[in-house]
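Asks: Dropping the structure in here first, questions after.
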Amino acid sequence: LDKDGAQQELTLLADAFAENNRRLLVTCRRRPFDRDFHPRLSGRLAAGLLVALHPPDAVARREIFQRLATAAGLEFTPEALDFLSGEVEGPVPQMRSLVQQFALAREQAGEESNAVEREEIERFLENHTEADRPTLKQVAAAAARVFGIRTSDLLGTSRRQGVVRARGAAMWLGRKLTGSSYAAIGRYFGRRDHTTVMHACRKLESQIGPDAEITQAIGKILDQLGSPALIGSIGAGSNFDVHAVPPTPG
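Take a look at the structure:
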């Protein structure tokens with residue numbers, strides 16, 4: 191919804207649904223009153239029901255993986271299901287894509303058995319995840335672009351509020367997306383102590399949701415990184431809002 195034309199089109203669509211006494215569901219990573227929304231569209235969305243959607247929990251993920259495996263003609267052992275549901279945090283499209291890629295990899299390898307042990311899943315995830323993960327350098331560059339500062343500012347000693355917020359976002363996403371340790375992230379971001387990184391990550395996570403600017407920035411950084419699937423890997427700290435635009439009475 192960054193383009194004016196898309197917002198205008200959605201506004202017209204919302205009006206058309208309202209005129210026909212129909213409900214419209216809109217999913218987005220921003221709140222309807224964020225300043226990037228046009229006033230007309232913001233008014234339409236804010237008038238509806240706002241619901242925060244979280245990724246499925248471990249119990250639900252286990253059931254989803256079991257159904258996806260069955261649909262793909264695979265039989266995951268209980269240990270494999272437990273491991274997957276603990277390691278992959280969703281969302282469902284990412285889970286489905288993962289199972290499909292896993293099934294394709296087995297087919298290409300000539301695997302005939304449909305039974306899948308935990309060890310096989312672990313090997314696949316290790317290779318699959320490493321190939322898809324961005325680097326700390328890529329995360330820092332994306333954060334710098336979104337916050338309108340230089341990458342060198344993130345790695346330097348500046349304590350300006352804008353830089354500190356951008357650095358916290360980059361550190362938190364670096365932890366979530368690259369799998370790097372706090373110590374490794376601290377070394378990259380100006381040789382900072384791992385406890386400093388931990389504090390920055392915890393503070394940033396507490397701001398996601400209540401702080402609309404930070405929440406929006408996180409979404410934009412993910413967009414900059416160019417992989418929608420990464421959104422699912424940042425965990426329960428990121429909410430996806432659903433706005434239901436009610437029909438106009440009468």
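For any residue, its number in the working numbering is found by taking its place in the sequence shown, counting from 1, and adding 190. Positions of the beta carbon are idealized from the N, C-alpha and C atoms, including for glycine. Note that this is a predicted model, so its numbers are computed, not measured.
Please classify Thr405: is it buried, with 16 or more other beta-carbons within 10 angstroms of its beta-carbon, or exposed?
Replies: With 16 or more other Cβ atoms within 10 Å, it is buried.
Asks: What residue from Pro283, His244, Pro245 has the CA that sits closest to Leu258's CA?
Replies: Nearest C-alpha to Leu258: Pro283.
Asks: Along the chain, where does the alpha helix (DSSP H) that runs through Ala237 open and close?
Replies: Note, Ala237: premise wrong, no alpha helix (DSSP H); not H, not E.
Asks: With three or more C-beta pairs closer than 8 Å as the rule, is the segment 294-308 touching the segment 348-355?
Replies: No, the segment 348-355 is not in contact with the segment 294-308.
Asks: Please determine, among Gly238, Ala196, Glu277, the residue with the shortest C-alpha to C-alpha distance to Arg313.
Replies: With distances taken between Cα atoms, Arg313 lies closest to Glu277.
Asks: Secondary structure at Thr217, three-state DSSP: helix, strand or coil?
Replies: Reduced to three states, the DSSP call for Thr217 is strand.
Asks: Following the continuous alpha helix (DSSP H) through Asp272, name the residue where it begins and the one where it ends.
Replies: Start and end: 268-277.
Asks: Would Pro324 and Glu279 qualify as a contact pair, given that the criterion is a beta-carbon distance under 8 Å?
Replies: For Pro324 and Glu279, no; Cβs fall outside 8 Å.
Asks: Quick one: using the 10 Å Cβ neighbour count with 16 as the cut-off for buried, is Val336 buried or exposed?
Replies: Val336 comes out buried.
Asks: Would you give the residue range spanned by the alpha helix (DSSP H) that Asp401 belongs to?
Replies: No alpha helix (DSSP H) contains Asp401, which DSSP labels as neither H nor E.
Asks: Output the distance between the C-alpha atoms of Arg212 and Leu415, rounded to the nearest integer angstrom.
Replies: Answer to the nearest angstrom: the Cα atoms are 36 Å apart.
Asks: Where does Glu307 fall in DSSP's three states?
Replies: Looking at Glu307 - three-state DSSP - the assignment turns out to be coil, as it is neither helix nor strand.
Asks: Would you list the one or two residues that DSSP bridges to Val387?
Replies: None, per the DSSP bridge assignment.
Asks: Counting only the same chain and skipping the five closest in sequence on each side, list residues whose C-beta sits under 7 Å from that of Ala270.
Replies: Answer for Ala270: Val306, Glu307, Arg308, Ile311, listed in chain order.
Asks: Buried or exposed, going by whether 16 or more other CB atoms sit within 10 Å of the CB of Pro400?
Replies: Result: exposed.
Asks: Taking the alpha helix (DSSP H) that Ile339 belongs to, which residues open and close that run?
Replies: Note, Ile339: premise wrong, no alpha helix (DSSP H); not H, not E.
Asks: On the three-state DSSP scale, how would you describe Glu302?
Replies: Here Glu302 sits in coil by DSSP.
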